[in-house]
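Novice:
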Amino acid sequence: MNLTIDREILLENLNVISRGLPSKSPMPILTGIKLYATDTDLFLTSSNSDISVETDIADSSLTITEPGQTVVPGRFFIDIVRKINSQRINLFLSDDKLLIIKADRGEYKLHIMDPLDYPKMDFVDLENPLELEAEVLKEVIKETVFATASNEKKPILTGVNLKNSQGLVTATATDSFRLSQKTITIPEYKDFNITIPAKSLDEMAKAIDNYSGKVNLYFSNNKLLIQYKNVCFQTRLLDGNYPDTSRLIPSEFPITINFNKDELIDAVERVSLLSPRDKEKDKEITFSIIKLSIKKDRVIEISTTNASVGDAKEELIPTNIEASNPLAIGFSSRYLLEALRSFVSTEVSLNLSGEIRPFILRGDKDANLTQLILPVRMD
Numbered sequence: 001m002n003l004t005i006d007r008e009i010l011l012e013n014l015n016v017i018s019r020g021l022p023s024k025s026p027m028p029i030l031t032g033i034k035l036y037a038t039d040t041d042l043f044l045t046s047s048n049s050d051i052s053v054e055t056d057i058a059d060s061s062l063t064i065t066e067p068g069q070t071v072v073p074g075r076f077f078i079d080i081v082r083k084i085n086s087q088r089i090n091l092f093l094s095d096d097k098l099l100i101i102k103a104d105r106g107e108y109k110l111h112i113m114d115p116l117d118y119p120k121m122d123f124v125d126l127e128n129p130l131e132l133e134a135e136v137l138k139e140v141i142k143e144t145v146f147a148t149a150s151n152e153k154k155p156i157l158t159g160v161n162l163k164n165s166q167g168l169v170t171a172t173a174t175d176s177f178r179l180s181q182k183t184i185t186i187p188e189y190k191d192f193n194i195t196i197p198a199k200s201l202d203e204m205a206k207a208i209d210n211y212s213g214k215v216n217l218y219f220s221n222n223k224l225l226i227q228y229k230n231v232c233f234q235t236r237l238l239d240g241n242y243p244d245t246s247r248l249i250p251s252e253f254p255i256t257i258n259f260n261k262d263e264l265i266d267a268v269e270r271v272s273l274l275s276p277r278d279k280e281k282d283k284e285i286t287f288s289i290i291k292l293s294i295k296k297d298r299v300i301e302i303s304t305t306n307a308s309v310g311d312a313k314e315e316l317i318p319t320n321i322e323a324s325n326p327l328a329i330g331f332s333s334r335y336l337l338e339a340l341r342s343f344v345s346t347e348v349s350l351n352l353s354g355e356i357r358p359f360i361l362r363g364d365k366d367a368n369l370t371q372l373i374l375p376v377r378m379d
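The C-terminal residue of the sequence shown carries number 379 in my numbering, and the numbering is unbroken.
1) Looking only at its own chain, which residues have a Cβ that is under 6 Å from the Cβ of ILE186, when we skip the five neighbours before and after it?
2) Can you tell me the Cα-Cα spacing of ILE249 and THR70, whole angstroms?
3) CA-CA distance, THR40 and LEU10?
4) Taking only the alpha-carbon atoms, compute the straight-line gap between ILE101 and LEU224 and give it to the nearest angstrom.
5) So, is VAL299 buried or exposed, given that buried needs 16 or more other C-beta atoms within 10 angstroms?
6) Whole alpha helix (DSSP H) runs in the stretch 258 to 335 with 4 or more residues, listed along the chain?
7) Which residues share a DSSP beta bridge with PHE43?
8) State the DSSP-derived secondary structure class of LEU11, mapped to helix, strand or coil.
9) Is the beta carbon of VAL271 sitting closer than 9 Å to the one on ALA312?
10) Consult DSSP for LYS206 and reduce its assignment to one of helix, strand or coil.
11) Give the secondary structure of ILE112 by DSSP, where H, G and I count as helix, E and B as strand, and everything else as coil.
12) Secondary structure at GLY240, three-state DSSP: helix, strand or coil?
13) In whole angstroms, give me the CA-to-CA distance for ILE257 and THR370.
14) Is THR45 closer than 9 Å to ILE33 when the C-beta atoms are compared?
15) If you pair each beta-carbon of the stretch 314 to 333 with each one of the stretch 289 to 296, do three or more pairs fall below 8 Å?
16) Report the three-state DSSP secondary structure of PRO28 (helix, strand or coil).
17) Restricting to Cα atoms, I'd like to know which of ASN368, ALA207, LEU264 is closest to GLU54.
18) DSSP three-state label for LYS102, please.
19) Enumerate in chain order the residues of its own chain whose CB-to-CB distance from LYS182 is below 7 Å, with the five nearest sequence positions on each side excluded.
20) Using only alpha-carbon positions, find the residue among ASP79, SER60, ILE17 that is nearest to SER52.
21) May I ask which residues mark the beginning and end of the alpha helix (DSSP H) holding ASP79?
22) Would you decide whether ASN351 is buried or exposed? Buried here means 16 or more other CB atoms lie within 10 Å of its CB.
23) When the Cβ atoms of the stretch 145 to 152 are set against those of the stretch 109 to 128, are three or more pairs found closer than 8 Å?
24) Compare the beta carbon distance of GLY68 and ASN2 with 9 Å and say whether it is the shorter of the two.
25) From the DSSP output, which residues share a beta bridge with THR235?
26) In this structure, what does DSSP give as the bridge partners for ASP366?
27) List the DSSP bridge partners of VAL136.
28) Nearest to LYS163 by alpha carbon, out of ARG178, PRO155, ASP191?
29) Looking only at DSSP bridge pairs, what is ARG88 linked to?
30) By Cβ distance, which residues of its chain are closer than 7 Å to LEU237, with the 5 residues on each side in sequence left out?
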């Protein structure tokens, strides 16, 4: 293998490929990037247990004088290309044992691995795609993925469920204590019900972060492939039936409070500085518990009591309130803050149906987004 390519083009593709590189793997070959040069194209491939990524470089700056293939140590290769200042990079194999990287007056040698040991990537057939705007996919991920479960007690809850029914796609994420739900409409397409691992969605969002065109989604029984530009990004799907969450959302809300979103975020952040932290048994993630109270004068008080540190409270004037009786409800401030930050709206509403019932957040400019949080008993 012997080729020359523009450094920026190579680095741009390596940044995408890095999304599929594991930091460590029981299969050392998977810590490498596979390079496969044909007479005209250069294919880069990476894979871990969840994600496989492949890019097809057919740029005018690419000159291939000798086809071939190899597997190079992924992180080292990316770091070298990132640090090189040269505009052009020459890559060639030396006696099939080393990859030589030449750039201006610099020369780097990397020990390579046998490409025959690299697992064959079984990508989904590129047939019958669902076409979406990249911005829509990024919104769906941003507004739901944070609500997935982080532990493996219920593996199905570590992903976001996408369900299409007659052109209405509902994206749902929950960790049993909160729920995020986003709906979008799509062109006529077959119904599907899949659950995508949250980690895969995080990497997918990073991969398309600077892309604003269209993406194509291809489905199989246990995989989903997203194709855009010259990139194929494939993820495994989670096995099992996603729970029916429709019954969690209350149908009536006797209490509705509207806030300026930024004012509410600022107040909650300040009060939660002193809030007590409750630790889950299996992990060290902390939950800052605060209380929201509706006073008789229709002022909203956000407060917390910490026996070992002190107390904090702030009063907020809502932009509107519909409530006939005083009420006090406790909840995780982290859950509330993450939910609030998912909205683009400047005004949000808290819709409550009782002190121990789930409450709903909605935004004036986010008609298709619902955030639900379960309260915490304060007695």
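Glycine included, each C-beta is placed from N, C-alpha and C at the ideal position.
Specialist: Once the coordinates are examined:
1) Sequence index remark: in the sequence shown, residue 186 carries index 186 (1-based). Once the five neighbours on either side are set aside, the close Cβ partners of ILE186 are GLY167, VAL169.
2) As a working mapping, residue 249 is identified with position 249 in the sequence shown. As a working mapping, residue 70 is identified with position 70 in the sequence shown. Straight-line Cα distance between these residues: approximately 53 Å.
3) Within the sequence shown, the letter at position 40 stands for residue 40. Within the sequence shown, the letter at position 10 stands for residue 10. The straight-line gap from Cα to Cα measures roughly 15 Å.
4) Position 101 of the sequence shown, counting from 1, holds the residue named residue 101. Position 224 of the sequence shown, counting from 1, holds the residue named residue 224. The alpha-carbon atoms of ILE101 and LEU224 are separated by roughly 35 Å.
5) Mapped onto the sequence shown, residue 299 falls at position 299. Taking all protein chains in view, the Cβ of VAL299 is surrounded by fewer than 16 other Cβ atoms within 10 Å, so the residue is classified as exposed.
6) Runs of alpha helix (DSSP H) with 4 or more residues, each lying fully within the stretch 258 to 335, are found at 261 to 271, listed in chain order.
7) Residue numbering aside, residue 43 sits at position 43 when the sequence shown is read from its first letter. PHE43 is bridged by DSSP to TYR36, ASP56.
8) The residue labelled residue 11 in the question sits at position 11 within the sequence shown. In this structure, LEU11 counts as helix in the three-state DSSP scheme.
9) To locate residue 271, count along the sequence shown from 1; it is residue 271. To locate residue 312, count along the sequence shown from 1; it is residue 312. In this structure, ALA312 lies closer than 9 Å to VAL271 by Cβ.
10) As a working mapping, residue 206 is identified with position 206 in the sequence shown. In the structure shown, LYS206 sits in a helix (DSSP, three-state: H, G or I).
11) For the purposes of this step, residue 112 is taken as the residue at position 112 of the sequence shown. Three-state result, ILE112: coil.
12) Counting from one through the sequence shown, the residue named residue 240 turns up at place 240. It is coil, neither helix nor strand.
13) Taking the sequence shown and counting its residues from 1, the one referred to as residue 257 is at position 257. Taking the sequence shown and counting its residues from 1, the one referred to as residue 370 is at position 370. Rounded to whole angstroms, ILE257 to THR370 spans 15 Å at the Cα level.
14) Here residue 33 is taken as the residue at index 33 of the sequence shown, counted from 1. Here residue 45 is taken as the residue at index 45 of the sequence shown, counted from 1. A contact, by the Cβ cut-off of 9 Å.
15) Cβ pair count under 8 Å is three or more, so yes.
16) Reading the sequence shown from its first residue, position 28 is the one you call residue 28. PRO28: helix per DSSP, three-state reduction.
17) Position 54 of the sequence shown holds residue 54. Of ASN368, ALA207, LEU264, the residue nearest in Cα terms is ALA207.
18) Taking the first residue of the sequence shown as position 1, residue 102 is located at position 102. In this structure, LYS102 counts as strand in the three-state DSSP scheme.
19) On the sequence shown, residue 182 is found 182 positions in, with the first residue counted as 1. Excluding residues within five positions, the ones whose Cβ falls inside 7 Å are VAL140, GLU143, THR144, ALA171, ASN368, LEU369.
20) Within the sequence shown, the letter at position 52 stands for residue 52. From the listed residues ASP79, SER60, ILE17, the smallest Cα separation to SER52 is found for ILE17.
21) Taking the first residue of the sequence shown as position 1, residue 79 is located at position 79. Unbroken alpha helix (DSSP H) run through ASP79: 74 to 83.
22) In the sequence shown, the residue the question calls residue 351 occupies position 351. Result: buried.
23) Counting Cβ pairs under 8 Å, fewer than three are found: no touch.
24) As a working note, residue 68 is residue 68 in the sequence shown. As a working note, residue 2 is residue 2 in the sequence shown. Their beta carbons are under 9 Å apart, which means GLY68 touches ASN2 by this criterion.
25) The residue labelled residue 235 in the question sits at position 235 within the sequence shown. For THR235, which the question treats as bridged, DSSP gives the partners ILE51, LEU224.
26) Here residue 366 is taken as the residue at index 366 of the sequence shown, counted from 1. ASP366 is bridged to GLY363.
27) By 1-based counting over the sequence shown, the position of residue 136 is 136. According to DSSP, VAL136 bridges with nothing at all.
28) Taking the first residue of the sequence shown as position 1, residue 163 is located at position 163. For the residues ARG178, PRO155, ASP191, the minimum Cα distance to LYS163 belongs to ASP191.
29) As a first step, residue 88 must be located in the sequence shown, where it is residue number 88. DSSP lists ASP6 as the beta-bridge partner residues of ARG88.
30) Taking the sequence shown and counting its residues from 1, the one referred to as residue 237 is at position 237. Once the five neighbours on either side are set aside, the close Cβ partners of LEU237 are ILE194, THR195, ILE196, ASN222, LYS223, LEU224.
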